[in-house]
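The block underneath contains the structure these notes are about, expressed in structure tokens.
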Amino acid sequence: MNSPVLKRRSSNSKLVRLLVAVLCFIFAPLSHAQSPAIAITHAKIFTLAGPPIEDGTLVIREGKIAAVGTQVEIPAGAQVIDAKGLQVYPGLFDAVTQMGLSEISAVSATVDSSETGAFNPDVVAAAAVHPASEHIPVTRAAGISEVISTPSSGGFDSAGENGVVGGQASAVHLAGWTIDEMLIRKSVAMVVNWPQMQTRSFDFNTFSIRERPFAEVKQEYERRVNELGDWLDRARHYAQAAGQNALSQYDRDTKFEAMIPVFRGDLPLLVFANRAREIRGAVEFFDKQKLRIVIAGGNEAYAVKDLLRSKKIPVILRAMLRLPPEEDEPYDRSMTQPAELAKAGVKFAIASFDNSFARRLSQNAAAAVAYGLPYDDALKAITLYPAQIFGLDKELGTLEPGKLANVIVTTGDPLELTTDVKYLFIHGRLTSLENKHHQLYEKYANRPKAAE
Amino acid sequence: MRPAFILMRAVFLALAVSFAVGATPSDAPPVILIQNATVLTISHGVIEHGSVLIKDGKIAAVGQGIKAPDGAQVIDASGQWVMPGIIDCHSHIAVDGNVNEGSITVSSIANIADVLNPDDRNIYYDLAGGVTAANILHGSANAVGGQTIVIKLRWGQPAAKLPFEGALPGIKFALGENPKRSNFNVPGPRRFPVTRMGVEEAIRAAFTEARDYKKKWDDYNKAVAAHEKYLFPPRRDLRLEPLVEVLEGKRYVHSHCYRADEILMLLRVAKEFGFKVRTFQHVLEGYKVADEIAAAGSGASTFSDWWAYKVEAYDAIPYNAAIMTRRGVVVSINSDDAEEATHLNQEAAKSIKYGGLTEEEALKLVTLNPAIQLGIDKRVGSLDVGKDADIVIYNHHPLSAYAVVQKTLIDGRVYFDRERDIAARADLEKERRALVEKEKKSAPAAGGRSGGRGRPDGKKPDETKPEEKRPDEKKPGGDKPEDKPKPPSFFPRGGAL
Numbered sequence: 001m002n003s004p005v006l007k008r009r010s011s012n013s014k015l016v017r018l019l020v021a022v023l024c025f026i027f028a029p030l031s032h033a034q035s036p037a038i039a040i041t042h043a044k045i046f047t048l049a050g051p052p053i054e055d056g057t058l059v060i061r062e063g064k065i066a067a068v069g070t071q072v073e074i075p076a077g078a079q080v081i082d083a084k085g086l087q088v089y090p091g092l093f094d095a096v097t098q099m100g101l102s103e104i105s106a107v108s109a110t111v112d113s114s115e116t117g118a119f120n121p122d123v124v125a126a127a128a129v130h131p132a133s134e135h136i137p138v139t140r141a142a143g144i145s146e147v148i149s150t151p152s153s154g155g156f157d158s159a160g161e162n163g164v165v166g167g168q169a170s171a172v173h174l175a176g177w178t179i180d181e182m183l184i185r186k187s188v189a190m191v192v193n194w195p196q197m198q199t200r201s202f203d204f205n206t207f208s209i210r211e212r213p214f215a216e217v218k219q220e221y222e223r224r225v226n227e228l229g230d231w232l233d234r235a236r237h238y239a240q241a242a243g244q245n246a247l248s249q250y251d252r253d254t255k256f257e258a259m260i261p262v263f264r265g266d267l268p269l270l271v272f273a274n275r276a277r278e279i280r281g282a283v284e285f286f287d288k289q290k291l292r293i294v295i296a297g298g299n300e301a302y303a304v305k306d307l308l309r310s311k312k313i314p315v316i317l318r319a320m321l322r323l324p325p326e327e328d329e330p331y332d333r334s335m336t337q338p339a340e341l342a343k344a345g346v347k348f349a350i351a352s353f354d355n356s357f358a359r360r361l362s363q364n365a366a367a368a369v370a371y372g373l374p375y376d377d378a379l380k381a382i383t384l385y386p387a388q389i390f391g392l393d394k395e396l397g398t399l400e401p402g403k404l405a406n407v408i409v410t411t412g413d414p415l416e417l418t419t420d421v422k423y424l425f426i427h428g429r430l431t432s433l434e435n436k437h438h439q440l441y442e443k444y445a446n447r448p449k450a451a452e
Numbered sequence: 453m454r455p456a457f458i459l460m461r462a463v464f465l466a467l468a469v470s471f472a473v474g475a476t477p478s479d480a481p482p483v484i485l486i487q488n489a490t491v492l493t494i495s496h497g498v499i500e501h502g503s504v505l506i507k508d509g510k511i512a513a514v515g516q517g518i519k520a521p522d523g524a525q526v527i528d529a530s531g532q533w534v535m536p537g538i539i540d541c542h543s544h545i546a547v548d549g550n551v552n553e554g555s556i557t558v559s560s561i562a563n564i565a566d567v568l569n570p571d572d573r574n575i576y577y578d579l580a581g582g583v584t585a586a587n588i589l590h591g592s593a594n595a596v597g598g599q600t601i602v603i604k605l606r607w608g609q610p611a612a613k614l615p616f617e618g619a620l621p622g623i624k625f626a627l628g629e630n631p632k633r634s635n636f637n638v639p640g641p642r643r644f645p646v647t648r649m650g651v652e653e654a655i656r657a658a659f660t661e662a663r664d665y666k667k668k669w670d671d672y673n674k675a676v677a678a679h680e681k682y683l684f685p686p687r688r689d690l691r692l693e694p695l696v697e698v699l700e701g702k703r704y705v706h707s708h709c710y711r712a713d714e715i716l717m718l719l720r721v722a723k724e725f726g727f728k729v730r731t732f733q734h735v736l737e738g739y740k741v742a743d744e745i746a747a748a749g750s751g752a753s754t755f756s757d758w759w760a761y762k763v764e765a766y767d768a769i770p771y772n773a774a775i776m777t778r779r780g781v782v783v784s785i786n787s788d789d790a791e792e793a794t795h796l797n798q799e800a801a802k803s804i805k806y807g808g809l810t811e812e813e814a815l816k817l818v819t820l821n822p823a824i825q826l827g828i829d830k831r832v833g834s835l836d837v838g839k840d841a842d843i844v845i846y847n848h849h850p851l852s853a854y855a856v857v858q859k860t861l862i863d864g865r866v867y868f869d870r871e872r873d874i875a876a877r878a879d880l881e882k883e884r885r886a887l888v889e890k891e892k893k894s895a896p897a898a899g900g901r902s903g904g905r906g907r908p909d910g911k912k913p914d915e916t917k918p919e920e921k922r923p924d925e926k927k928p929g930g931d932k933p934e935d936k937p938k939p940p941s942f943f944p945r946g947g948a949l
């Protein structure tokens, strides 16, 4: 038998070529040094850092935005994309998803989004984001270039139990052969599922709806909050010891270790809470703890908007397209909330909190506009604001020189249902819009007529 | 639960209902003219600066330059869009309690018509989304499910006024993962079927019985007609009677399905027994066998872009509606969910982006096509003279994500009016505050408030049925499981138990 090793030995030049190819393959996505500049020309450019630019040019070089404006010189050798009649925006940013962590939500073998147990600060989304997930190309075809992959963020994949401290959320580009190529920042927030006071809940053991008296639910809520407080105290003491280089005196603890950036103020807590009383509870609790938080969910944030504004706490809002949280609220409560929060001066982003419905991100932002949110705010709520909330606005969120070139070129308003994304750049690379759905469309639209 | 609290809940509910009822005129003016609108007729194009004249609940004229008759109420719709009311071909609103009789494989005795709840606030929410009629289905728990009914969303009217007069009733079938209970465990022994093979045989067995039963009655009726003596009628079987109606073409089959192979399976069984499948519901792989569905003359009622919530939805594509339409299938987009129903116009618009349908084809997906599928297209589904005045008015083109429903009319009556809804909010809020104050004053010094959402019937938790009202499938952008008293999506909301 002819061994491949012998073959390679027999041809040194072949081996070198192979090595070069392999090395190129490995390093190409990481290094943009050799890739030519790209110039998008004659486009209407919405930088979100100033007024729209008519007939503008945007230059991408080495993964970043090199220049944007009307008087921009196109570098020699640049690949030019004539975008006459098209519009250019920052890629959309979905701030809460289970992207890469959950494929088919009903099939637990394909779901890695929620760890068991109450306190899991050490688990990191990036460790399990599956770069080959079919959700990634489907989602980016909707113009979404980056997401926060968020562990323990609910949705449909959980077994009904979410830990209290759910793990670290990772910011990822929706392109890359490996997680290393996808990664924007491994850890952008620590997930906390704030305890709920729910008198009715679905009990998986008996497969029935369980109702409990409010007093009992409240007692349990308080117990869980106290447990979280106790645990945070221990974690804080550990962090203090670490700060004094005194850890050698103690057994190392990987969970408490993971909390050190939280106590240092480097990592915000992403606190899932929807009911007004729970948001209020969380805000007051973490205010005492002197920990920086972002509220996720916020179905009734309108009811605590003054508190949120005064404490400068941002909110990642769930889909607007939802029924009112209470029966005595107006029918359009969820749709009018973003306008109300904006008016009250509460910072917020809009996110899908989902995978399959991530592509409804812009549809939801549009619903907020339909019910009173200024258009500019809606667009920023799915681009700049999430970047700001997660401390990624130096890299993302607007089209300004020096930022990562996550850019979409569209046929029109990216919030409209019928707008197409024509080109997508992720980290400066022209990225395929092809996906499983379009491939199946091509295949079956071309099925020969069935025999009668 | 304390009595004061019960009272408060009751008053809230009464308020919510009375407010909305109050928003509806007790008697519709006999003549209404909607004028100066962009009229999307669906059947004969778009009329700019058009008007729709309504007399006695019916459309009397559609066109330009229609003069308001004396005494007519005029609705000025300048800068607005008018189209026929949305018809939702798959809904579970207005149902009192559970939508599934999940205990048996063939639950054709159960009838959704028996449990219509006119006080379900989802009726109002969906009206506010422009829906005027809906196909209210039994859940997908069983291969042969319960009987179904088409309603109009006449919010504020008693249950007896909800059914769509003259619409043929239906029966729900279900294929695939839900009837075979793939994605969840139900306490107790497993129930047949647990495979797609078993689902087919469950349906074949039921129709084999139904055919024999029908023959007994046919023979008996023949004998009666021939004046034979000493006849005994066959024993009535309430489970088989709806299936006999299917065989006689008096009841539509609406079958929940996902995979292409099970769609073909049901077509074969239907052919064997000589009935039609009126609609395939969900039918997410319908695009793979669109020719076969078209050849059988069945309709397809699907989601816009739902996918990947279970294995049988993993090949779902948003191009489904467009491919099936291009292959000659009458296609509709449905909700299966009270919230999704509030923006079916937007869901229809996606078929323009995914598969290139025209605007008119897209709008038909939620108006004329579901009307055809439900056999009510002579009455509703387009703006044509003589049809029911079931009309929705938007502030933008209904295929835009920015369109908001301004008014929804059924039978020429305004059942939803956004302006009136907003105007009533201040009073409602005032009343609510007063009630809360009253509650606070009457609160005893000690003791916690008991479950705010407790059951007025005083049932203990362990008596609660496992299948409280849940739609068939996952809810988009849904809550965390513990947010709402329902299991996560992959538990088919209709329980599929």
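If you read the protein sequences in the order shown, they are chains A and B. Residue numbers for the first sequence follow the working numbering, beginning at 1 and rising by one. Residue numbers for the second sequence follow the working numbering, beginning at 453 and rising by one. Using N, Cα and C, we set each Cβ at its ideal position, and we do this for glycine too.
{"query": "Proximity test, Ala489 (chain B) beta-carbon vs the ligand GDP heavy atom, cut-off 7 Å", "result": "As far as ligands go, the structure on display features none, and thus does not contain the ligand GDP."}
{"query": "Segment contact flag, the segment 683-703 of chain B with the segment 525-539 of chain B, C-beta cutoff 8 Å, min 3 pairs", "result": "no"}
{"query": "Burial state of Val504 (chain B), where buried means 16 or more other Cβ atoms lie within 10 Å", "result": "buried"}
{"query": "Member of B:Lys802, B:His679 and B:Ile828 whose CA lies at the smallest distance from the CA of Leu417 (chain A)", "result": "B:Lys802"}
{"query": "Contacting residues, own chain, Cβ-Cβ under 6 Å from Arg224 (chain A) (five flanking each side not counted)", "result": "Pro195"}
{"query": "Straight-line Cα distance separating Pro314 (chain A) from Pro261 (chain A)", "result": "19 Å"}
{"query": "CA nearest to the CA of Tyr704 (chain B), picked from B:Arg779, B:Ile655, B:Pro621 and B:Val721", "result": "B:Pro621"}
{"query": "Gln98 (chain A): contacting residues in chain B (beta-carbon distance under 9 Å)", "result": "Simply none; closest approach about 11 Å."}
{"query": "Assigned secondary structure, Pro536 (chain B) (DSSP; H/G/I helix, E/B strand, else coil)", "result": "strand"}
{"query": "Sequence-distant residues of its chain with Cβ nearer than 7 Å to Gln798 (chain B) (five each side left out)", "result": "Ala853"}
{"query": "Per-residue DSSP class, three states only, for Gly155 (chain A)", "result": "Because Gly155 (chain A) carries a pLDDT of 45, less than 50, the predicted location of this residue cannot be relied on, and no value is offered for it."}
{"query": "Rounded straight-line distance, which links the Cα of Leu690 (chain B) to that of Leu492 (chain B)", "result": "44 Å"}
{"query": "CB contact below 8 Å: Arg333 (chain A) versus chain B", "result": "no"}
{"query": "Residue nearest to Asn574 (chain B) in terms of C-alpha spacing, selected from A:Glu181, A:Ala95, A:Ala49 and A:Leu323", "result": "A:Leu323"}
{"query": "Candidates A:Ile74, A:Asp233 and A:Glu329, of which the one nearest Lys882 (chain B) by Cα", "result": "A:Glu329"}
{"query": "Beta strand (DSSP E) segments (min. 3 residues) lying fully within the segment 501-562 of chain B", "result": "510-516, 525-528, 533-536 and 538-543"}
{"query": "Residues bridged to Gly297 (chain A) [DSSP beta-bridge criterion]", "result": "A:Ala273 and A:Leu317"}
{"query": "Paired residues, beta bridge with Met182 (chain A) - DSSP", "result": "In DSSP, Met182 (chain A) forms no bridge with anything."}
{"query": "Selection from A:Ile144, A:Trp231 and A:Pro137 that minimises the alpha carbon distance to Val165 (chain A)", "result": "A:Trp231"}
{"query": "Neighbour flag for His542 (chain B) against chain A, beta carbons, 8 Å", "result": "no"}
{"query": "Beta-bridge partners of Tyr704 (chain B), as assigned by DSSP", "result": "B:Gly622"}
{"query": "Where the beta strand (DSSP E) through Tyr867 (chain B) begins and ends", "result": "Arg865 to Asp869"}
{"query": "Chain A contacts from the segment 794-818 of chain B (Cβ-Cβ distance under 8 Å)", "result": "Thr794, His795, Gln798, Ala801, Lys802, Ile804, Lys805, Tyr806 and Gly807"}
{"query": "CB contact below 8 Å: Pro641 (chain B) versus chain A", "result": "no"}
{"query": "Gly160 (chain A) versus Val283 (chain A) - alpha carbon distance", "result": "Here the model assigns Gly160 (chain A) a pLDDT of 48, short of 50, so the residue's position is not dependable, and the following value carries that caveat. If I take the Cα positions, the gap works out to 24 Å."}
{"query": "Neighbouring residues, chain A, relative to Asn635 (chain B) (Cβ below 9 Å)", "result": "Ala106 and Val107"}
{"query": "Segments of 3+ residues assigned as beta strand (DSSP E) that fall wholly inside the segment 592-638 of chain B", "result": "596-604 and 622-626"}
{"query": "Cβ of Glu791 (chain B) within 8 Å of any chain A Cβ", "result": "yes"}
{"query": "Test item: CB-CB of Ala126 (chain A) and Ile179 (chain A) under 8 Å", "result": "yes"}
{"query": "Host beta strand (DSSP E) of Ala39 (chain A) (start-end)", "result": "Ile38 to Ile45"}
{"query": "Distance, Thr47 (chain A) Cα to Pro401 (chain A) Cα", "result": "10 Å"}
{"query": "Straight-line gap, Asn563 (chain B) to Thr600 (chain B) (C-alpha atoms, nearest Å)", "result": "6 Å"}
{"query": "Selected residue, minimal CA-CA separation from Ser170 (chain A), among A:Gly163, A:Glu181 and A:Ala189", "result": "A:Ala189"}
{"query": "Length of the line joining the Cα atoms of Phe755 (chain B) and Leu174 (chain A)", "result": "25 Å"}
{"query": "C-alpha gap between Ala595 (chain B) and Ala626 (chain B), whole angstroms", "result": "5 Å"}
{"query": "Any C-beta of chain E under 8 Å from that of Asn355 (chain A)", "result": "The structure shown contains no chain E; its protein chains are A and B."}
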